[in-house]
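Numbering of the sequence shown is given in this note's numbering, commencing with residue 3 and proceeding in unit increments. In this text, a Cβ means the ideal position worked out from N, Cα and C, and glycines have one as well. Keep in mind that this is a model prediction, so the values were computed, not measured. Remarks on the structure that follows.
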Amino acid sequence: MFNLILFGPPGAGKGTQAVKIAEKFGWKHVSTGDILRSEVAQGTPLGLKVKAVMEAGHLVSDELLIEIMESVFVKNSDVKGFVLDGFPRTLKQARELDVMLSKSGQKVTLVLALKVDEHELVGRLLTRALDQGRKDDTEEVIKNRLVQYHNHTKPLIDYYKEQKLFREVYGVGSIEEIFNTLSSTIHEHQSIQK
Ligand code: AMP
């Protein structure tokens, strides 16, 4: 089983690439942002709980995220691999992910990070806000999301570097170019594993 974490700041293009990778390799794409947005759209108790936090660009609690991921793993015990997109986002989530995977004798296989500079990110996020009408993409909220990334998510880079799981790919260029680089990095990793 291949457990890939697609890592990077908001606006790096994780969602687009995660869908393509999942399709190519036959793995299950898990976007915690999509899961949460769908709960909000359906007005479920969980959705009502997280709506304001998401709209402000803050992070939803670790406890809720861990619950969500536990249920994802239970429901998908038969897949060949996962592409995790937007999870883990804190050290606590990363540690809990290790615990959850270890229950089925699994580990994180690879963390692939998309590297995009901050100036480019803000531009991309503002364009996406206009195109998709995402409520969490106004300028102030974008700033919040980047601050959350710096304060809570960036420390995961060292966590995964220490485990020699971290690989970085330049995230600027055409979608296909970036996808090809990501795919060949995954292939490389698969052949090392064999
Ligand atoms: P995304 O689509 O991945 O950018 O996620 C959208 C929003 O969902 C984030 O800004 C957070 O409010 C929330 N969210 C998604 N994944 C997580 C996570 N792993 N931990 C905490 N909050 C999350």
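By the three-class DSSP mapping on this structure, what secondary structure does Leu61 have? By one-based count along the sequence shown, residue 61 stands at place 59. Of the three classes helix, strand and coil, the one that applies to Leu61 here is coil, per DSSP.
Got a sec: does the ligand AMP put a non-hydrogen atom nearer than 6 Å to the Cβ of Gly173? Taking the first residue of the sequence shown as position 1, residue 173 is located at position 171. For the ligand AMP, not one heavy atom lies less than 6 Å from the Cβ of Gly173.
Let me make sure I understand the geometry here. Which of Ile68, Tyr151, Leu128 has the alpha-carbon closest to that of Asp100? Within the sequence shown, the letter at position 98 stands for residue 100. With distances taken between CA atoms, Asp100 lies nearest to Ile68 out of Ile68, Tyr151, Leu128.
Is any heavy atom of the ligand AMP found at a distance shorter than 6 Å from the C-beta of Val110? Indexing the sequence shown from 1 puts residue 110 at position 108. Not one heavy atom of the ligand AMP lies closer than 6 Å to the C-beta of Val110.
Nearer than 6 Å: is that true of the beta carbon of Pro11 relative to any heavy atom of the ligand MN? The model on display carries the ligand AMP but not the ligand MN.
Rounded straight-line distance, which links the Cα of Val118 to that of Val174: For the purposes of this step, residue 174 is identified with residue 172 of the sequence shown, where counting begins at 1. For the purposes of this step, residue 118 is identified with residue 116 of the sequence shown, where counting begins at 1. Taking the straight line joining both Cα atoms gives about 6 Å.
Do Ala20 and Asp80 have their CB atoms nearer than 7 Å? If you number the sequence shown from 1, residue 20 lands on position 18. If you number the sequence shown from 1, residue 80 lands on position 78. The answer is no: Cβ separation not under 7 Å.
Asn182 versus Leu61: straight-line alpha-carbon distance, rounded: Here residue 182 refers to the residue found at position 180 when the sequence shown is read from its first residue. Here residue 61 refers to the residue found at position 59 when the sequence shown is read from its first residue. Asn182 and Leu61 have their C-alpha atoms roughly 31 Å apart.
Span of the beta strand (DSSP E) holding Val124? The residue labelled residue 124 in the question sits at position 122 within the sequence shown. It is not in any beta strand (DSSP E) - Val124 instead sits in the alpha helix (DSSP H) that spans 120-134.
Indicate whether the contact test is met: 3 or more Cβ pairs, each with one atom in the region 156-170 and one in the region 38-53, closer than 8 Å. Contact fails: fewer than three Cβ-Cβ distances are below 8 Å.
Simplified DSSP state of Val110, which is helix, strand or coil: By one-based count along the sequence shown, residue 110 stands at place 108. Here Val110 carries a coil assignment [DSSP, helix/strand/coil].
4 or more residues per run - each alpha helix (DSSP H) lying fully within the region 7-80: Within the region 7-80, the alpha helix (DSSP H) runs of at least 4 residues that lie entirely inside it are, in chain order, 16-27, 34-44, 47-57, 64-77.
What's the call for Lys16, buried or exposed, on a 16-neighbour Cβ count within 10 Å? In the sequence shown, counting from the first residue as 1, residue 16 sits at position 14. Under this definition Lys16 is a buried residue.
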